[in-house]
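S.K.: Quick one: the structure is below, and I'll ask about it shortly.
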Amino acid sequence: MDIRFEQVDFTYQPNSPFEQRVLFDINLEIPSNSYTAIVGHTGSGKSTLLQHLNALLKPTKGSVTIGDRVITPETNNKNLKPIRKKVGIVFQFPESQLFEETVALDIAFGPKNFGVSEEESLKLAKDMLDLVGLDESYMEKSPFDLSGGQMRRVAIAGVLAMEPEVVILDEPTAGLDPRGRKDMMDMFYRLHKEKGINIILVTHLMDDVAEYADYMVVLEKGKIHKKGHPREIFSDVTWLKEKQLGVPTATNFAFELMGKGYEFSQLPLTASELADELARDLKAGDAHDE
Amino acid sequence: MMNKLILGRYIPGDSFVHNLDPRSKLVASFYFIGIIFLCNNFLSFGVMFAFTLFAIFLSKISLKFFIKGVKPLIWLILFTVILQVLFSQGGEVYFKWGIFTISEFGVQNGAYIFIRFVLIIFMSTLLTLTTPPLSLADAIEYLLRPLKVVKFPAHEISLMLSIALRFVPTLMDETEKIMNAQRARGVDFGEGNLMQKMKAIVPLLIPLFVSSFNRAEDLAIAMEARGYQGGDGRTKYRVLHWQGKDTMVVITFALLTALLVFVRS
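These protein sequence lines are chains S and X, in that order. Be aware that the first sequence starts at 1016, since it is given in the working numbering, and climbs by one per residue. Be aware that the second sequence starts at 8, since it is given in the working numbering, and climbs by one per residue.
The structure is reproduced here in structure tokens:
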């Protein structure tokens, strides 16, 4: 599903002493079947931007087109449910949204709100539990008896159970152990590849951006500073360092090597790309020696 | 939702009123509410009105905010005023219909009550707009201290008060966050009939309670780990300073009271 921002401005509490303008003239297009990463410093407006993606917030100026619906400042708050069904948001620390007696009921809560039958939604709950890597024995447990990491998985399953076309992830792996993080990110990537789900990822981890995303947006102080393929944006290492935005580990390493006179055909973004480049050069070097 | 409420919020600033000792401000506000009941004619209300406007002027905060502060309460005020106008008797009768009478005294009482409400709201808005919540808690702790003689837990109360005040914004954020998360999962807040509305609140309330319990537990552990053992033998980091201008406020209020006694009929 295409999402398009046209000259979107957003102000919190307009016309009050606490007025605060957060987004300035945002023009952005997120095409279907893409994996978009949104990065920026804390307070750059990322979270505000993503709440526009399923009409939790409405622009104070401009328009947001979500699929076939156009959201303008005048849009009525009614009948937004179809959008919410298509665009699922996994908020930061989503485990705080759990409330039902059992894990199964909590996961089924979303689908039921959108009119899926009780049986059907419980079946969905089982599938989703499996998808996020928990087995069936968790179905009847209370979500509050689980560990933090497991609660996170249940909460994410609850969002995925609505079968959204677009999944928005606001730092989905914050506070998880490295293993859980990798599993989770790989699972989202699989969903994206296999089911063609649009993923929009808000993160501070540039390694994740380099690894998974095919489109990247850099926000700063409520304005879009750069957008494009991560390769393009990460190629300007000096700029990123200046802005203190962070560079993927592999790219940084390559950049240091370049400082020592090493040359790359293209700047590697991930560890495997870096390894490939180095291996190729070493082989070429061997050939040269002989 | 809460954004419209001006009463109870703090606007940082640097003015005469901002820099007053919170104790003098708190006591003065309560005293003001007390002496406003001394007023019984238009001249005395005029004196109080002028005084309030002067205090607002000293705070360097635009009058607009104060008027906004009255807005959420306007229906309550109007309701009271109308009841007063319709059911008071005495003096010249302008209009009579069944049990309803609009009389000279009724209209007068209505007007008094209106001014009284507005002035009280202005004054309490002034207090909260110019005083950070934590200073207020300090002031309350200080003022409650004499009650220790009768075994009143002044420290505990003020600790709870300052923790509660500190967590109001955090809990508001949390509420907003959970509400959004549940809306994204298809919950409609504030729609449908009363039963549906109440049902929609469950997915908000339970997570809020659970997170409050967790937060309380974490906070208690963190406090113990930092050596908190109760109120006895603690020193204070934020010390309140009574200055010359606070004495001036007290004197002004004494003069104001005298003037009121003089002009009231």
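C-beta: ideal position from N, C-alpha, C; glycine also. Predicted model only: the values in this text are computed from it and were never measured.
Pull the bridge partners of leucine 1043 of chain S from the DSSP assignment, please.
M.R.: Leucine 1043 of chain S is bridged to S/Phe1020.
S.K.: Taking the alpha-carbon positions, what's the phenylalanine 1159 of chain S to glycine 1077 of chain S distance?
M.R.: Answer to the nearest angstrom: the Cα atoms are 42 Å apart.
S.K.: Using a Cβ-Cβ distance cut-off of 8 Å, determine whether valine 1174 of chain S contacts chain X.
M.R.: Taking Cβ atoms only, chain X reaches closer than 8 Å to valine 1174 of chain S, which makes this a yes.
S.K.: Below 6 Å CB to CB, which residues in the same chain sit around alanine 1052 of chain S once its five sequence neighbours on both sides are set aside?
M.R.: Correct list, in chain order: Leu1216, Val1224, Ala1228 and Met1231.
S.K.: Name the one or two DSSP bridge partners that lysine 1138 of chain S has.
M.R.: The partner list for lysine 1138 of chain S (beta bridge, DSSP) is empty, contrary to what the question assumes.
S.K.: Please give the ranges of any alpha helix (DSSP H) in the region 1194-1280 of chain S, keeping only runs that are unbroken, at least 4 residues long and fully inside the region.
M.R.: Runs found: 1221-1227, 1245-1249, 1252-1257 and 1264-1274.
S.K.: Would you say phenylalanine 196 of chain X and alanine 188 of chain X are within 8 Å of each other, going by their C-beta atoms?
M.R.: No, these two residues do not count as a Cβ contact at 8 Å.
S.K.: Mind reading off the beta-carbon distance from isoleucine 1081 of chain S to leucine 1068 of chain S? Whole number of angstroms is fine, and I expect it under 8 Å.
M.R.: About 7 Å; that satisfies the 8 Å criterion.
S.K.: If isoleucine 1183 of chain S and leucine 1043 of chain S are in contact, beta carbons under 8 Å, what's the gap, nearest whole angstrom?
M.R.: Contact doesn't hold; Cβ gap of about 14 Å is too wide.
S.K.: Taking its Cβ as the centre, do 16 or more other Cβ atoms sit within 10 Å of glutamine 203 of chain X, making it buried, or is it exposed?
M.R.: Glutamine 203 of chain X is exposed by the Cβ-count criterion.
S.K.: Please state whether the Cβ-Cβ distance between tyrosine 17 of chain X and proline 176 of chain X is less than 8 Å.
M.R.: Going by C-beta atoms, tyrosine 17 of chain X is not nearer than 8 Å to proline 176 of chain X.
S.K.: Throw me the rounded Cβ distance for the leucine 211 of chain X and methionine 179 of chain X pair, which I believe falls under 8 Å.
M.R.: That belief does not hold up - the Cβ atoms of leucine 211 of chain X and methionine 179 of chain X are roughly 13 Å apart, past 8 Å.
S.K.: I'd like the list of long-range same chain contacts for glutamate 1034 of chain S, defined as Cβ closer than 8 Å, with 5 residues on each side in sequence excluded.
M.R.: Counting only Cβ-Cβ distances below 8 Å, and skipping sequence neighbours, we find Thr1026, Tyr1027 and Gln1028.
S.K.: Using the C-alpha atoms, what's the distance from methionine 1016 of chain S back to leucine 1289 of chain S?
M.R.: C-alpha separation (whole angstroms): 34 Å.
S.K.: Verify whether the separation of the beta carbon atoms of lysine 1141 of chain S and glutamate 1151 of chain S is less than 8 Å.
M.R.: Contact flag set, yes.
S.K.: How is the alpha helix (DSSP H) around glycine 1164 of chain S delimited, first residue to last?
M.R.: Its alpha helix (DSSP H) spans residues 1163-1175.
S.K.: From arginine 245 of chain X to aspartate 28 of chain X, what distance separates their C-alpha atoms?
M.R.: Going by the C-alpha atoms only, they are around 12 Å apart.
S.K.: Please go through the same chain and pick out, in chain order, the residues whose beta-carbon is closer than 8 Å to the beta-carbon of methionine 1154 of chain S, but skip the five residues on each side of it.
M.R.: Same-chain partners within the cutoff: Thr1117, Val1118, Ala1119, Ala1140, Lys1141 and Leu1144.
S.K.: Whether or not the region 148-155 of chain X and the region 115-123 of chain X are in contact is what I'm after, with contact meaning three or more pairs of Cβ atoms, one per stretch, closer than 8 Å; do they touch?
M.R.: The answer is no - the region 148-155 of chain X does not touch the region 115-123 of chain X, with fewer than three Cβ pairs under 8 Å.
S.K.: Do we get a CB-CB distance below 8 Å when we pair arginine 123 of chain X with the residues of chain S?
M.R.: Output row for arginine 123 of chain X: interface = no.
S.K.: Return no unless some Cβ of chain S is closer than 8 Å to the Cβ of valine 24 of chain X.
M.R.: Chain S contact via Cβ: absent.
S.K.: Could you check what DSSP says for tryptophan 249 of chain X in three-state terms: helix, strand or coil?
M.R.: Tryptophan 249 of chain X: coil per DSSP, three-state reduction.
S.K.: Just verifying my parser: in three-state terms, what is the DSSP assignment at glutamine 1112 of chain S?
M.R.: The answer is helix: DSSP assigns glutamine 1112 of chain S an H, G or I state.
S.K.: Consult DSSP for isoleucine 1104 of chain S and reduce its assignment to one of helix, strand or coil.
M.R.: DSSP places isoleucine 1104 of chain S in strand when its eight states are reduced to three.
S.K.: Please name the residue, chosen from X/Thr259, X/Leu215 and X/Arg190, that lies closest to glycine 1125 of chain S on a Cα-to-Cα basis.
M.R.: Cα-wise, what sits closest to glycine 1125 of chain S is X/Arg190.
S.K.: Give the DSSP bridge partners of tryptophan 104 of chain X, in chain order.
M.R.: Paired residues: X/Phe107.
S.K.: When the distance is taken between beta carbons, is serine 1111 of chain S closer than 8 Å to lysine 1236 of chain S?
M.R.: Against a cut-off of 8 Å, the Cβ pair of serine 1111 of chain S and lysine 1236 of chain S comes out as no contact.
S.K.: Could you tell me whether the Cβ of lysine 184 of chain X comes closer than 8 Å to any Cβ of chain S?
M.R.: For lysine 184 of chain X, the answer is yes, since a Cβ of chain S falls inside 8 Å of its Cβ.
S.K.: Please go through the same chain and pick out, in chain order, the residues whose beta-carbon is closer than 7 Å to the beta-carbon of methionine 9 of chain X, but skip the five residues on each side of it.
M.R.: Unreliable positioning characterises methionine 9 of chain X in this predicted model, as indicated by a pLDDT of 46, which lies under 50. The coordinate reading is nonetheless provided below. So the qualifying residues of the chain are Met179.
S.K.: Could you spell out the range, first to last residue, of the beta strand (DSSP E) harbouring isoleucine 1183 of chain S?
M.R.: Its beta strand (DSSP E) spans residues 1181-1185.
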